[in-house]
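J.: For reference, the structure I am asking about is given below.
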Amino acid sequence: MADEFAPIRSTGIGSWPGTDLIEALKISFDEAPELPFLPELPARGVGSQIIGRGIAVLSGLGADLQPAGWRLTDAPGRDQLRARATLRDDRDQLEEVAQDYRGPFKIAIAGPWTMAASVERPRGDRLLADHGARRELTQSLAEGIAELVDDLQRRLPALDLVVQLDEPALPAVLAGDIATASGFSKHRKVDVPEVSDSLQSVAEAVSAALRPAEQSTLPRVWLHSCARGVPVQLVHKAGFGGVLVDLDQLGTADWDAIGQAMTDGLWLGAGALSTSPATGPAAGRQWSADRVGERVLRAVRTLGLEPDVAGRMIITPACGLARFDRASAVGALRAVRKAADIVTDQLAD
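For the sequence shown, the residue numbers in the numbering used here are 761 to 1109.
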C-alpha cells in the first residue's frame, strides 16, 4: 500500500508576521521544503495586505486608497504605485534567495470575488454592485496574474509555479451576505454561472501562462478560502486542481462534496492547524503535530478515502499566520510538516 501514494506534503497559506521578506523567505524554504511559498507581510502596510497585493497585480486598471478603502480611478494613484513597487522588490528578493532552488513554489493573489467585494467603483459602493465592473475586474486580474507568472518564470525558470487564489469572501458573495457601503443593506447574490465563469476565466489565463512542471505533480492552480461554505464542486468545475479549506468550517454537506471531488481528481489543502484566537499557542506552549495529524486522519476516515486518493492532500494551517509572533508562526509550519510525516506513516501501514 505504501507505493500507492506519494508522501503527504505541507505548506503555509501565505501571510506571515514581520516586515523582513528575506528572513521570511528563508523560513519558507527551510520549514516548507515540499512547497515553499512567497510570504505576504501585511505589517508592512496596506499595499502588502491581501487587497493591496491584488491591486498591485491589476493590469490596465488604476486605483487609489481612500479613507473607506481601495477605489478604482482613471489612473494609478500613489498607493497603487507603491504597492506595485513593493511587489517588484519582493520579486527581486525572491530571485536572490531562490537562485539554487528547483521545484514547486507557491504564490497567492486575491481572487476576483474577494476583490469585487472589497474595492469600490469610482462613483462609490463596491464593484460587486456592477456587472460590467465585475467583468472588467476579472479580466484585469487574470491578465495581471498571467503577467506576474511570466515575470517570475523568466527570473527563475527552475521554479514550478503554483498559483493560489485567495477567496475568503466567495461564500458570502454567493449567499448575498456582503454589506453595501452604507452598511444598511446587502448586495444581491451573484448568479452561480457568473461566479463560475469568472473563476474559470482566471484559472484558464493562469494555466495558459504556466510552463509545464518539471519537478512536481502538484496541481498548478488552487483556490483558498477559510470561510464556511466553500463551493467545492463549483471551484473544481471552474478548473482549479486544488482547494484549501479550514477543516473547522466544514459541515456534513461540505465533507460529501470534498469526498466526491477528490474521487474525481481534486486535491485538498487540509487546514488542520487551527489559527483561531481560542486555539493558538499560549506563551511557552507549542503547536501539537500529533493533534494536527489526528485531525487529518479523522478527515480521511470521514471521507472514506483510499490511500491513493488520500495522497492528493497537503496539510496547512487553517489560515495565514500574520497575527502570530515569528516563533509561533515557525512552530506552526513545523507542526504541519511533522503532521504530514505522521499521516504518511499511518496511511502506509
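We treat Cβ as the ideally placed atom computed from N, Cα and C, and that holds for glycine. Computed from a prediction, not measured in an experiment: that's the story for all the values here.
In the DSSP output, which residue or residues are listed as bridge partners for Leu1028?
T.: Here the question's residue 1028 lines up with position 268 in the sequence shown. According to DSSP, which records beta bridges pairwise, Leu1028 is partnered with Val1003, Met1073.
J.: I'd like the list of long-range same chain contacts for Thr940, defined as Cβ closer than 8 Å, with 5 residues on each side in sequence excluded.
T.: In the sequence shown, residue 940 corresponds to position 180, counting from 1. Asp885, Arg886, Ala889, Lys946, His947.
J.: Which residue wins for smallest C-alpha separation from Arg971, given the options Thr1023, Phe865, Val995, Cys986?
T.: Taking the sequence shown and counting its residues from 1, the one referred to as residue 971 is at position 211. Of the candidates Thr1023, Phe865, Val995, Cys986, the one whose C-alpha sits nearest the C-alpha of Arg971 is Phe865.
J.: Given that a residue counts as buried once 16 or more other Cβ atoms are within 10 Å of its Cβ, and exposed if not, what is His984?
T.: As a first step, residue 984 must be located in the sequence shown, where it is residue number 224. Counting Cβ neighbours within 10 Å, His984 comes out buried, since at least 16 surround it.
J.: Below 8 Å, how does it come out for the region 951-960 and the region 848-856: are there three or more Cβ pairs, yes or no?
T.: Taking 8 Å as the limit for Cβ pairs, the verdict is that the region 848-856 does not touch the region 951-960.
J.: Hey, quick one: how far does the alpha helix (DSSP H) through Asp824 stretch, first residue to last?
T.: On the sequence shown, residue 824 is found 64 positions in, with the first residue counted as 1. Unbroken run through Asp824 is the beta strand (DSSP E), 822-826; no alpha helix (DSSP H).
J.: Could you give the residue range of the alpha helix (DSSP H) that holds Leu897?
T.: Reading the sequence shown from its first residue, position 137 is the one you call residue 897. Note, Leu897: alpha helix (DSSP H), 891-915.
J.: Are Ile811 and Trp830 touching if we call contact CB-CB under 8 Å?
T.: To locate residue 811, count along the sequence shown from 1; it is residue 51. To locate residue 830, count along the sequence shown from 1; it is residue 70. Contact flag set, yes.
J.: For Ala939, name the three-state secondary structure that DSSP assigns.
T.: Taking the first residue of the sequence shown as position 1, residue 939 is located at position 179. Reduced to three states, the DSSP call for Ala939 is strand.
J.: Considering only residues of the same chain and omitting the five flanking positions on each side of His996, which have a CB-CB separation below 6 Å?
T.: Taking the first residue of the sequence shown as 1, we reach residue 996 at position 236. Closer than 6 Å at Cβ, skipping near neighbours: Ala1021, Leu1026.
J.: According to DSSP, is His996 helix, strand or coil?
T.: Counting from one through the sequence shown, the residue named residue 996 turns up at place 236. In this structure, His996 counts as helix in the three-state DSSP scheme.
J.: Whole angstroms are fine: how far does the CA of Ser1034 sit from the CA of Ala973?
T.: Reading the sequence shown from its first residue, position 213 is the one you call residue 973. Reading the sequence shown from its first residue, position 274 is the one you call residue 1034. C-alpha separation (whole angstroms): 31 Å.
J.: Helix, strand or coil for Phe944, going by three-state DSSP, please let me know.
T.: Counting from one through the sequence shown, the residue named residue 944 turns up at place 184. Note: Phe944 maps to coil in three-state DSSP.
J.: Which residues bound the beta strand (DSSP E) around Val806?
T.: Counted from its first residue, the sequence shown places residue 806 at position 46. Premise fails: Val806 is in no beta strand (DSSP E) and is neither H nor E.
J.: DSSP beta-bridge partners for Arg886?
T.: For the purposes of this step, residue 886 is taken as residue 126 along the sequence shown, with counting starting at 1. Beta-bridge pairing links Arg886 to Glu880.
J.: Kindly indicate the opening and closing residues of the alpha helix (DSSP H) around Leu1063.
T.: Position 303 of the sequence shown, counted from the first residue, corresponds to residue 1063. Where Leu1063 is concerned, the enclosing alpha helix (DSSP H) stretches over 1049-1063.
J.: Suppose the cutoff is 6 Å on Cβ atoms and the five residues either side in sequence are ignored; what does the same chain contact list for Arg1097 look like?
T.: One-based indexing of the sequence shown puts residue 1097 at position 337. For Arg1097, where only same-chain residues beyond five positions count, the Cβ hits under 6 Å are Ser770.
J.: So the alpha helix (DSSP H) Thr771 belongs to, where does it begin and stop?
T.: On the sequence shown, residue 771 is found 11 positions in, with the first residue counted as 1. Premise fails: Thr771 is in no alpha helix (DSSP H) and is neither H nor E.
J.: Just curious, the alpha helix (DSSP H) that Gly1019 is in, first and last residue?
T.: Sequence index remark: in the sequence shown, residue 1019 carries index 259 (1-based). Note, Gly1019: alpha helix (DSSP H), 1012-1023.
J.: Nearest to Leu785 by CA position, among Tyr861, Asp1008, Leu1065, Glu903, is which residue?
T.: In the sequence shown, residue 785 corresponds to position 25, counting from 1. Ranking Tyr861, Asp1008, Leu1065, Glu903 by Cα distance to Leu785 puts Tyr861 first.
J.: Is the region 814-833 in contact with the region 912-919, if contact means three or more CB pairs nearer than 8 Å?
T.: Touching, no, given that fewer than three Cβ pairs across the two stretches are closer than 8 Å.
J.: Give every residue of the same chain whose Cβ lies closer than 6 Å to the Cβ of Ala843, excluding the five residues on either side of it in the sequence, and list them in chain order.
T.: In the sequence shown, residue 843 corresponds to position 83, counting from 1. Cβ neighbours of Ala843 beyond the five flanking positions: Gly807, Gly812, Ile815, Ala816.
J.: Which same chain residues end up closer than 6 Å to Ala1049 when comparing Cβ atoms and leaving out the 5 residues on each side of it in sequence?
T.: Numbered from 1 along the sequence shown, position 289 holds the residue referred to as residue 1049. So the list reads Ala1095, Lys1098, Ala1099, once near-sequence residues are dropped.
J.: Look at the alpha carbon of Val952 and the alpha carbon of Trp873, and state the distance between them as a whole number of angstroms.
T.: Here the question's residue 952 lines up with position 192 in the sequence shown. Here the question's residue 873 lines up with position 113 in the sequence shown. Cα to Cα, the separation comes out at about 12 Å.
J.: With distances taken Cα to Cα, identify the nearest neighbour of Met875 among Gln859, Glu896, Ala858, Val857.
T.: Locating residue 875 in the sequence shown gives position 115, where the first residue counts as 1. Ranking Gln859, Glu896, Ala858, Val857 by Cα distance to Met875 puts Glu896 first.
J.: Under the rule that 16 or more other beta-carbon atoms within 10 Å means buried, what is Phe797, buried or exposed?
T.: The residue labelled residue 797 in the question sits at position 37 within the sequence shown. That one is buried.
J.: Name, in chain order, the residues that DSSP records as bridge partners for Gly814.
T.: Position 54 of the sequence shown, counted from the first residue, corresponds to residue 814. Its beta-bridge partners do not exist; DSSP assigns none.
J.: Going by DSSP, name the residue or residues bridged to Gly829.
T.: Indexing the sequence shown from 1 puts residue 829 at position 69. Paired residues: Gln826.
J.: Who pairs with Phe797 in a beta bridge, going by DSSP?
T.: On the sequence shown, position 37 is the one that residue 797 refers to. Partner(s): Lys866.
J.: Taking just the CA atoms, how far does Leu841 sit from Leu1093?
T.: By 1-based counting over the sequence shown, the position of residue 1093 is 333. By 1-based counting over the sequence shown, the position of residue 841 is 81. Using only the alpha carbons, I get a separation of about 32 Å.
J.: Quick check on this structure: which residue in Arg1072, Leu1081, Leu1057 has the alpha carbon closest to the alpha carbon of Gln1106?
T.: Locating residue 1106 in the sequence shown gives position 346, counting from the first residue. Of the listed residues, the one whose Cα sits closest to Gln1106 is Leu1057.
J.: Give a yes or no on contact between the region 1002-1012 and the region 977-994, applying the rule of three or more CB pairs nearer than 8 Å.
T.: The region 1002-1012 is in contact with the region 977-994.
J.: Arg822 and Gly837 look like a contact to me (Cβ under 8 Å); what is the Cβ gap, rounded to whole Å?
T.: Walking along the sequence shown from the start, residue 822 turns up at place 62. Walking along the sequence shown from the start, residue 837 turns up at place 77. In the sequence under discussion, the amino acid at residue 822 is Gly, which differs from the Arg named in the question. 7 Å between Cβ atoms; contact.
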